[in-house]
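Enquirer: Residue numbers (the numbering used here): 25 to 437.
Note that the Cβ used here is the ideal one computed from N, Cα and C, for glycine as well.
1) What do you reckon, are the CB atoms on residue 250 and residue 229 nearer than 7 Å?
2) Output the residue ranges of the alpha helix (DSSP H) runs that lie fully inside the stretch 282–356 and measure 4 residues or longer, sorted by chain position.
3) Roughly how many whole angstroms lie between the Cα atoms of residue 428 and residue 108?
4) Is residue 254 near residue 231, with beta carbons less than 7 Å apart?
5) What is the DSSP secondary structure of residue 134, reduced to helix, strand or coil?
6) Just to confirm my understanding: we take residue 267, look at its own chain, exclude 5 residues before and 5 after, and list those with CB closer than 6 Å. What are they?
7) If you count every other CB in all the chains shown that lies within 10 Å of the CB of residue 43, and 16 or more means buried, which is it?
8) Return the first residue and the last residue of the beta strand (DSSP E) that residue 252 is part of.
9) Use the C-beta contact count for residue 426: other C-beta atoms within 10 angstroms, 16 or more gives buried, fewer gives exposed.
10) Can you give the beta carbon distance from residue 424 to residue 396, rounded, assuming they're within the 8 Å contact cut?
11) Enumerate, from N- to C-terminal direction, the unbroken alpha helix (DSSP H) stretches of 4 or more residues contained entirely within the stretch 41–70.
12) Tell me the residue span of the beta strand (DSSP E) that contains residue 152.
13) Once DSSP output is grouped into helix, strand and coil, what is the label at residue 105?
14) Whole angstroms is fine: what's the gap from residue 95's alpha carbon to residue 333's?
15) Would you mind sorting residue 139 into buried or exposed? The rule is 16 or more other CB atoms within 10 Å of its CB.
16) Three-state secondary structure (DSSP) at residue 231?
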C-alpha cells in the first residue's frame with residue numbers, strides 16, 4: 025500500500041493553462057492585486073476542476089493512512105491561492121513550490137524532500153501523479169512510481185504529452201476516478217512483462233504503442249512507425265539510478281544479454297501479444313514471426329527466443345492462430361557496426377541499419393496475413409523501422425513491430 029501520493033497541480037488537478045501570465049507574475053511575489061486578479065480568473069471558468077473536492081475526500085476516506093502532497097513548479101502564492109479556492113475543505117499534508125526546491129522538476133529532489141520530511145524511505149510506497157513528461161521524469165529521477173494522468177489532456181496533444189507517453193509510465197489513467205482503482209491494485213496498471221515478472225500473473229495486458237520516426241537528417245519525414253512494447257529498460261544514466269535499482273525487467277534484460285534460453289515470462293508475453301493479434305481477426309489467421317537478426321559472428325539470441333516460443337505454441341496452441349517461425353527472413357550484411365558497442369548516434373544508427381539490413385527467402389510473405397518482427401530492446405527504432413520497410417517492399421501485406429522493452433534514456437533534461 026502507498027504511504028504518499030504526490031500530485032502535480034496545473035493541468036493535473038485543475039485546468040490552468042489560461043493562467044500562465046498571472047502565474048509568471050507571482051514568482052517570488054504575493055502582491056494582493058495580482059492575487060485578486062487570479063481569484064477573479066479562477067471564477068470565470070465553471071469547468072476548471074479536473075479532480076473534484078469530493079473525489080479528494082473519497083481518496084482520504086478510502087486510504088486514511090496515505091499522505092497527500094503537492095509538488096509544483098508554480099509560485100507558492102499562486103499555488104496556495106488556487107488550492108484554497110478549489111479545495112477549501114482539504115488539508116494538504118505538504119506543498120512544494122517553485123521557491124522551495126532547487127533544482128525543481130525534472131529533478132526528483134522535491135519528491136525526496138517530501139519523503140525526508142515524513143521519514144518515508146521506501147520509494148515503492150510513493151507515487152507521483154502528473155499530466156506531463158516533466159512529472160514522469162521527476163518520478164523516474166526520484167525512483168518512485170510514476171502515474172500519468174491524461175484526464176485533463178486536450179484533444180490535440182503537444183510535445184509534453186507525446187513525450188510522457190514515450191516514457192512508458194508505471195501507470196496511465198484517463199479519468200480521475202481511476203486513481204482509486206490504481207491505489208487498490210497498482211500492479212494491474214504496469215506494462216504486461218513487468219507485471220508478469222513482479223507478480224507471476226497476467227493481471228495486466230498493457231502493451232504500449234510508441235511512434236518512432238526516421239530522422240530528418242537522413243531523409244526522414246513525419247511518417248510514424250508504431251512499435252509495441254511490453255515494458256521498460258532503464259539505461260545507465262545517473263539520472264535513472266534510483267529507478268533502475270531492482271527494476272525487474274531491466275535486471276532480466278541485463279542478466280539475459282548472453283543467454284540462449286530465456287525466462288518463461290518473456291515467452292508468455294510474446295504469446296499474449298500474438299493472441300491479441302489473432303483475437304482481433306475474424307476467422308483463422310496465419311502469422312509469420314521473425315526477429316531482428318543477429319550480427320555476423322554473434323550468438324542468435326532472438327532466434328533462440330522465438331524457437332522457445334514456437335515450442336510453447338506447439339505444446340499449447342493459440343486458437344485460430346497459425347504461427348510460422350521464419351528466422352531467415354532478415355539478415356545483416358558483413359560490415360554492420362555495433363549500435364551500442366560503438367556508441368553510434370541516432371543518425372548513424374539509422375544509416376548503419378539502412379545500409380546493411382537485407383531480406384531473404386521472402387516467397388512466403390504474400391501468402392500470410394501478417395508478419396510480426398521481434399526485438400528485445402528498442403532505442404531509436406532503427407532496426408525495427410527498416411525491418412518494416414524491407415519486408416513491405418518484399419511483399420508482406422502487414423508488418424507489426426514489437427519489442428520486449430523500450431529503452432528509457434537520460435531524464436535530467
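Expert: On the basis of the coordinates in this document:
1) no
2) 288–303, 325–339
3) 45 Å
4) yes
5) helix
6) 164, 167, 258
7) buried
8) 249–253
9) buried
10) 5 Å
11) 44–49, 56–67
12) 150–154
13) helix
14) 45 Å
15) buried
16) coil
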